[in-house]
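For the record, in the sequence shown the residue sitting at position 31 is 330 according to this note's numbering, with numbers rising by one throughout.
Where is the CB? At the ideal position from N, CA and C, for every residue including glycine.
Below you'll find the structure, written out as structure tokens, and then a few comments.
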Amino acid sequence: MELLQLKYFVNIAETLSFTRSAEILHVSQPALSYQIQRLEMELGTRLFDRGRKKISLTPSGEVFLPLAQAVLFRADEAVRVLREHLGEETGEVRMGCNPSVATYILPSLIASFRASFPRVTVQLVESGDHELTRGVLEGSIDFAIVTAPGAPQAVDTIPLPSEELLVVVSPNHWLASRKKVALAELAHEEFVIGSEAFNVTLQTIDACRRAGFEPIIAYRTGSLESVKNFVRQGLGVSILPEKALGGPNGAGLAIIEIEGGLTREFNLIRGKDHSTTSAARALMLHICTALEEQAIHDRSLRAGLPAVVIAVAAMALIWPWAAMDVRNLPRALLYFSQFFEKPWHELFGGELILVTDMPRRYVPVLLGLKLPELMLALAVAGLGWAFVMVFRSGLPAHRRAALLCVALAGSLPVAVAVATRPAMYNGIRHFLFILPPLAVLAGLAAGRLLERARQVGHAPVLAGVAVLAAGLALPIIEMVRLHPYQYVYFNHATGGVRGADGRYMLDYWGLAFRQASLDLLRRLAEEGLAPEDGRKWR
300 MELLQLKYFV
310 NIAETLSFTR
320 SAEILHVSQP
330 ALSYQIQRLE
340 MELGTRLFDR
350 GRKKISLTPS
360 GEVFLPLAQA
370 VLFRADEAVR
380 VLREHLGEET
390 GEVRMGCNPS
400 VATYILPSLI
410 ASFRASFPRV
420 TVQLVESGDH
430 ELTRGVLEGS
440 IDFAIVTAPG
450 APQAVDTIPL
460 PSEELLVVVS
470 PNHWLASRKK
480 VALAELAHEE
490 FVIGSEAFNV
500 TLQTIDACRR
510 AGFEPIIAYR
520 TGSLESVKNF
530 VRQGLGVSIL
540 PEKALGGPNG
550 AGLAIIEIEG
560 GLTREFNLIR
570 GKDHSTTSAA
580 RALMLHICTA
590 LEEQAIHDRS
600 LRAGLPAVVI
610 AVAAMALIWP
620 WAAMDVRNLP
630 RALLYFSQFF
640 EKPWHELFGG
650 ELILVTDMPR
660 RYVPVLLGLK
670 LPELMLALAV
680 AGLGWAFVMV
690 FRSGLPAHRR
700 AALLCVALAG
710 SLPVAVAVAT
720 RPAMYNGIRH
730 FLFILPPLAV
740 LAGLAAGRLL
750 ERARQVGHAP
760 VLAGVAVLAA
770 GLALPIIEMV
780 RLHPYQYVYF
790 NHATGGVRGA
800 DGRYMLDYWG
810 LAFRQASLDL
820 LRRLAEEGLA
830 PEDGRKWR
């Protein structure tokens, strides 16, 4: 007895048709019949009554069916558990959604998911909410996105961010110049709507009825794109989801908000009685996270509080100088590198150098020597990865923008210091503000590397954790060994603090004493004096 034979038997028992099962299983009907005959011969009993027009299960077949289903379920479960044990995200995810979600919402989400899980394939099932809920309950779909809550007693429901519905009219329509419209004003308008497979169609009709009128349906079409084309030609008005009207999708249409607002709710549903593969769980988490991030981004923009405005307001509150003159704002972009040009010297690379003559490599070198080894390596890797991902088309625009902001925050100040070569002194304490974005980039790189390691197996994950632990231990050990008055850390690229002694500034007061000694020696020389016998000047 083979699992393939059990799979064929269960499928035929569900369809009660050899022809239909052969199409579903992508095998020829003679080959399917042959495998069932072999199974019946091995069991010593017939499983199907084969009539002229239809087939049915024999009593033996009815007894055998739940047992065969249990065996197949256990086999699938064994494969799933083993893959999870090996840390592999592979296989196929069967996901359901309505046509508008498949057209306007999912493509970018699936693209960004595949960038992280290239070995997972997604099979999309497009249908109405009722059919999708039934598929989830029967186990033919791993999960689905629906616009109705489904059956709470039989499925797990995860609410997703809602989407605004908007009125669309042709540019020549009498309402085209309006920003908002009450639904009651559309009582005498002809509507263009989609088929009932689109939940938005049913919601449009229901909203009109609640507004006190029955919509005049002039045209029904099979897709939302057709609805928009009809509206563009002035053949009627319609109510469509916001995602279907973004960017070029809304070209040639006048888009109007509905007074009081009208939204459609989304829910992710999965069966309570069916196990979910790790790949399906990964896709569900990705979709929920990405949609929530996009909703937060959209809400902030809609409220007129983008990050730039908040940042400028916070800067003006903390640093009023930046807002006292409109010219100060562009000046503030480079103010971090405007230091006082004092006639001071600093120890750099074993030489005392005037702060106004510091080489361009000052900041990059000190960052490379002062950051802990682990953070330095991960920050460089994260910075490179961030710039690569910014130009990846599969990543949502708001994520690319966030990555670009973090990457520039950690790298642009260093680039400006290298390009402008300002007076530099006191190590990198004036550049501490770049450490948070560098830490974020290091964290992103660490998470990415551990995720890749987990896909290979447990051994690489354990090795990665060991490397992280060792990397964290190195600076701790070095800090414990510091002298009580030493507070400047150097990594092992320069031999630690002991290796940096005599080559780089170890502390601020040490530099001040050295500077005072040089000034004193210069004054003694100018006055023709010499140090007393037995006195040493350093």
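Identity of the residues DSSP links to residue i by a beta bridge
| i | result |
| --- | --- |
| N566 | V445 and P458 |
| E430 | The partner list for E430 (beta bridge, DSSP) is empty, contrary to what the question assumes. |
| I492 | R519 |
| F347 | L356 |
| V480 | I557 |
| I538 | V466 |
| H644 | L653 |
| Y803 | F647 |
Residue environment, residue i, which counts as buried when at least 16 other CB atoms sit within 10 Å
| i | result |
| --- | --- |
| P642 | exposed |
| P540 | buried |
| H325 | exposed |
| S399 | buried |
| L761 | exposed |
| R837 | At R837, the pLDDT of 46 sits below 50, so the modelled position is not reliable; the number obtained from the coordinates is stated separately. Under this definition R837 is an exposed residue. |
| T576 | buried |
| Q593 | buried |
| H487 | exposed |
| E645 | buried |
| Q502 | buried |
| H757 | exposed |
| V467 | buried |
| N397 | buried |
| A716 | buried |
| F497 | buried |
| F732 | exposed |
| Y724 | buried |
| F308 | buried |
| V779 | exposed |
| V435 | buried |
Range of the contiguous beta strand (DSSP E) that encloses residue i
| i | result |
| --- | --- |
| G395 | G390 to C396 |
| V421 | V419 to E425 |
| P759 | Note, P759: premise wrong, no beta strand (DSSP E); alpha helix (DSSP H) at H757 to V779. |
| S355 | I354 to L356 |
| P663 | No beta strand (DSSP E) holds P663; the alpha helix (DSSP H) holding it covers Y661 to K669. |
| L651 | E650 to L653 |
Same chain only: Cβ atoms within 8 Å of residue i, ignoring 5 sequence neighbours per side
| i | result |
| --- | --- |
| R373 | none |
| T562 | S461, E462, E463 and L464 |
| L303 | Q334 |
| T520 | V491, I492, G493, S494, V526 and F529 |
| T500 | I492, G493 and S494 |
| T314 | S320 and I323 |
| A685 | L702, L703, V705, A706, L740 and L743 |
| S359 | L342, T344, R345 and L346 |
Distance between beta carbons of residue j and residue i, contact taken as under 8 Å
| i | j | result |
| --- | --- | --- |
| A678 | A741 | 4 Å |
| I444 | L459 | 7 Å |
| G570 | G770 | Actually they are not in contact, since the Cβ atoms of G570 and G770 sit about 43 Å apart, beyond 8 Å. |
| N566 | T402 | No, N566 and T402 are not in contact; Cβ-Cβ is about 19 Å, not under 8 Å. |
| R659 | R728 | Contact doesn't hold; Cβ gap of about 19 Å is too wide. |
| P470 | A553 | 5 Å |
| I568 | V454 | 4 Å |
| G273 | L749 | Lying before the first or after the last residue shown, residue 273 is absent from the chain, which here runs from 300 to 837. |
Proximal residues to residue i (C-beta, below 7 Å), its chain only, five neighbours per side dropped
| i | result |
| --- | --- |
| E556 | L465, K478 and K479 |
| L305 | A367, V370 and L371 |
| F730 | V662 and P712 |
| A621 | M614, A615, N627, L628 and A631 |
| S537 | V467, F490, V491, I492, V526 and V530 |
Span of the alpha helix (DSSP H) around residue i
| i | result |
| --- | --- |
| E301 | Premise fails: E301 is in no alpha helix (DSSP H) and is neither H nor E. |
| Q328 | Q328 to L342 |
| N498 | N498 to R509 |
| S411 | L405 to S415 |
| W620 | W620 to M623 |
| E513 | Note, E513: premise wrong, no alpha helix (DSSP H); not H, not E. |
| G629 | According to the sequence shown, residue 629 is Pro rather than Gly. Note, P629: alpha helix (DSSP H), N627 to A631. |
| H324 | The amino acid at residue 324 is misidentified as His; the sequence shows Leu. Residues F317 to L324. |
| E826 | It is not in any alpha helix (DSSP H) - E826 carries neither H nor E in the DSSP assignment. |
Cut-off 6 Å between Cβ atoms - residues of its own chain near residue i, not counting five sequence neighbours on either side
| i | result |
| --- | --- |
| R822 | none |
| A799 | F789 and T793 |
| H585 | F412 |
| R699 | V689 |
Min CB distance residue i to chain C below 8 Å
| i | result |
| --- | --- |
| V530 | Annotation note: the requested chain C is absent from the structure, which comprises a single protein chain. |
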